[in-house]
Structure formats: structure tokens, C-alpha cells
Amino acid sequence: MTSTLFLSGYMTAFVEEGEEPRRTAGLFTRKGKLRADASEILERLEAHGEAVASLPFDAVTTQVFRVSAPIGRQVSHTDIADALEAASARAGGDDLALIAAEPTRVLLDGQEQQGTAVGEAAQTLDVDVTTFVSSLAFLAKLEKVCADGGITLSGVMAPEEAFTASLSDHASPRSVIVCDRWHTKVMRLVGEHVHISASVPFGPGHLADDLAVTFSLDPKRAEETARRLVLGHGQGDEAAMAPVVMARLEEWAGAIAEAAKAASVPLEDACLIGMAATPLVSGALANHAIGAQNADGFLRRADPAIGAMVDGACKRSSGALSRSAATALQLEAPHKIKGPIDWLRRNF
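Just so we're aligned: the sequence shown equals residues 0 to 347 in numbering that gives the first Met the number 0.
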């Protein structure tokens, strides 16, 4: 039986089939590095056996490839699979491994298809394939840490996969801003798939961290104070701390705007997940032409957003939600050798 290991800046969660998640501290520092005591943290979960890991926000990047081909007949499933395989061959690099791939846009004779293109006649086929890649060096370190903590890493998934699997049955938003503790991801969605994403090294945890350092607060009080200030409920002398929070929010919003522009993610009307769209937060985003609204209703579990992603990761790793043909292509072969991580290391 394969379990799910969910990794984020907020927490580490281990979920066995049919069981409630066992949670402990995050394995990563604010800079995204594995903590020196990461294996000991895993041991406290009393987790054993094989697990598919949902990687942290900053460990995965997206690449989008357009694959074009003359058709002159009806499009078949094989045509889409060929496009996925062609894009997969171009993804990654000497130090990057392909984690997954999804066909996010299909164009027939230059016209984008809203439904399936299979069975439609066309002269030309263009497929935009989104690939998710991760550092081989990071995967090797994670594999060792897991082994030392009693877990055999049998596979990995992108956090974007966990996120889309956590979406509710309602219509998906077009663009989202998802906050983890130390990182924020901006994503452009096409239907139920992430077309492209970008990560910035700022998150809600930095607000509390700044207060703790600037005003010599213990971590717990800093967390509580940062939350109250973001919600506009500052108490007593906490008003003097507001400028520190506002300055960090401005920096956070600026980094999001820059990353979104580079990745061509429109954020004029984005859904903000993992942080409340309070006047203070919305104001900082608006200063950088970002319109954000609370969107927790899009998730199967609204509070916290990371909890919803844990559920999504479990559905994805258990096979309750189908993977693309390219992902199946990449993750089927490893089981015939030694394991996905070893196979990824050999081939990318």
C-alpha cells in the first residue's frame, strides 16, 4: 500500500489509505532548504513503507511547450499522446527531472478547442503541453532524508497537481495566488489544469518573522500579532507594528506582480488562497495592479487551504483522479527498474 507524504512550509503530513493525516513540523527552512533534522522530523510521524511525495512550492517549476503537427484527418488519442511525449522529451535538462506533463490547450487549424479534440477533423494540430520539473539534486536529498526517516519514496508529484485535485466541482478560477508559509505561487488555470505557474520566495510566515526580529517577540506571539494586524484587529501598542507588516506586504505584492508578468499570468481578477483578502492585503496587491478576492470556496476544504491540498495530493497519489498520458508514460516505466527517483536520475 502506497501512502502520501505532503510537504509544505507549514507542515509535513503523512497519510495512509483510509486514515487521518498525521502532521508534524515542516521539513524546510524559510529559504527552501531541507532542515538538518528533517529525518528526525519524519521519524516522529512513525511513518513507514512507500509514499508518493507532494513536493513543496519552490521545488517545482513549469515549462510550456507547443507541439505542432500536420493532421489532414480526424484527431486521435494517439496524436495527443504523441504531443505529450514530444514535449516530455524536450523538458527538463541535465540537472532537472520531469515530474508530470499535461495538455492544457489544443488548437485545431489555429482555433482553440474548449472540449476534447479527439474525433474532430483538422489540417493542423497544435498542443500546448505544460511540464513540471524539479531539481535532481533536490530529489536525491529528499530521497535520502525520507529513507533515513523510514519512508521509501516511490514517486513525486508537483504541488500544482495537488492543488488542482483539491478544487471543488464548481467552475475553476482563471488565475490564483496560493500562499504557503514561506512561498507564494501564482497559477494560470485552463479548465482543471494549471497552464503555467511561478513561485516567489515570500509568504505569510515572513510577516510574523519580521515582527519577531524587529520587536523581539516570541514566535507564537509574533504569529498571533501578524494575523490580527492583517485582519485589521490590532490591539493596544500593536498599531506601532503595522508599518512593518505593510512594508512586507508591499514587497510580497511587488514580487508577485513581477513573477506573474514574466510568466504571463493575468492577475487583474485573481483568487487569493491561503491568506485573507483583507483591506490591508488587497490594498498592497492593488498598488501593483493585482485584483484579488477570497476564493476558498473553490476548494473542497476551505480552511486551511493547505489542508485542502493534502486531500488533493491523496486523491492524486491513490489514483482516484486520472493522470495524463505523459505522466503515465513517465511514471509507469520506473516500477520496472528500481524506483521512480532512480529512473529519473538515469534519464534526465
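Even for Gly, the Cβ is constructed at its ideal location relative to N, Cα and C.
Practice item. For residue 342, name the three-state secondary structure that DSSP assigns. Key: On the sequence shown, residue 342 is found 343 positions in, with the first residue counted as 1. Confidence at residue 342 is low in this model, with a pLDDT of 48, below 50, so its placement is unreliable and no value can be given for it.
Check your understanding: Would DSSP call residue 2 helix, strand or coil?
Key -> Counting from one through the sequence shown, the residue named residue 2 turns up at place 3. In the three-state DSSP reduction, residue 2 falls in the strand class (E or B).
**Study point:** CB contact flag (residue 271, residue 291, <7 Å)
**Key:** Locating residue 271 in the sequence shown gives position 272, counting from the first residue. Locating residue 291 in the sequence shown gives position 292, counting from the first residue. Cβ distance < 7 Å, so residue 271 and residue 291 count as in contact.
Review point. In chain order, which continuous runs of the alpha helix (DSSP H) of length 4 or greater are located wholly inside the segment 246-289?
Key: 278-285
Check your understanding: What is the DSSP secondary structure of residue 46, counted as helix, strand or coil?
Key -> Within the sequence shown, the letter at position 47 stands for residue 46. DSSP places residue 46 in coil when its eight states are reduced to three.
**Study point:** Contacts around residue 251, its chain only, beta-carbon distance under 6 Å, and the 5 residues preceding and following it disregarded
**Key:** Residue 251 sits at position 252 when you count from the first residue of the sequence shown. Leaving aside the five residues that flank residue 251 on each side, the residues in its chain whose CB is nearer than 6 Å to its CB run, in chain order, 201.
**Study point:** According to DSSP, residues forming a beta bridge with residue 128
**Key:** Numbered from 1 along the sequence shown, position 129 holds the residue referred to as residue 128. Paired residues: 64 and 102.
Point to revise | For residue 287 and residue 126, the rounded distance between their alpha carbons | key: Taking the sequence shown and counting its residues from 1, the one referred to as residue 126 is at position 127. Taking the sequence shown and counting its residues from 1, the one referred to as residue 287 is at position 288. Distance between the alpha carbons of residue 126 and residue 287 is about 32 Å.
**Study point:** Residue from 239, 38, 66 and 282 with nearest C-alpha to residue 79
**Key:** For the purposes of this step, residue 79 is identified with residue 80 of the sequence shown, where counting begins at 1. Considering only alpha carbons, the answer is 66.
Exercise for review: Look at the alpha carbon of residue 185 and the alpha carbon of residue 203, and state the distance between them as a whole number of angstroms.
Suggested key: Looking up residue 185 in the sequence shown gives position 186. Looking up residue 203 in the sequence shown gives position 204. So the alpha carbons of these two residues sit roughly 15 Å apart.
Check your understanding: Between residue 5 and residue 255, what straight-line distance do the alpha-carbon atoms span, to the nearest angstrom?
Key -> As a position in the sequence shown, residue 5 is number 6, starting the count at 1. As a position in the sequence shown, residue 255 is number 256, starting the count at 1. Distance between the alpha carbons of residue 5 and residue 255 is about 24 Å.
Practice item. Quick one: give me the first and last residue of the alpha helix (DSSP H) that residue 227 is part of. Key: Reading the sequence shown from its first residue, position 228 is the one you call residue 227. Residue 227 -> alpha helix (DSSP H) spans 218-230.
Check your understanding: Is DSSP giving residue 308 helix, strand or coil here?
Key -> Against the sequence shown, residue 308 aligns to sequence position 309. Three-state DSSP puts residue 308 in a helix.
**Study point:** Member of 160, 207, 12 and 143 whose CA lies at the smallest distance from the CA of residue 219
**Key:** Position 220 of the sequence shown, counted from the first residue, corresponds to residue 219. Closest option to residue 219, Cα to Cα, is 207.
Practice item. Would you decide whether residue 228 is buried or exposed? Buried here means 16 or more other CB atoms lie within 10 Å of its CB. Key: Here residue 228 is taken as the residue at index 229 of the sequence shown, counted from 1. Buried, by the Cβ-count rule.
Exercise for review: Could you tell me which residues DSSP pairs with residue 69 in its beta bridges?
Suggested key: Taking the sequence shown and counting its residues from 1, the one referred to as residue 69 is at position 70. Paired residues: 123.
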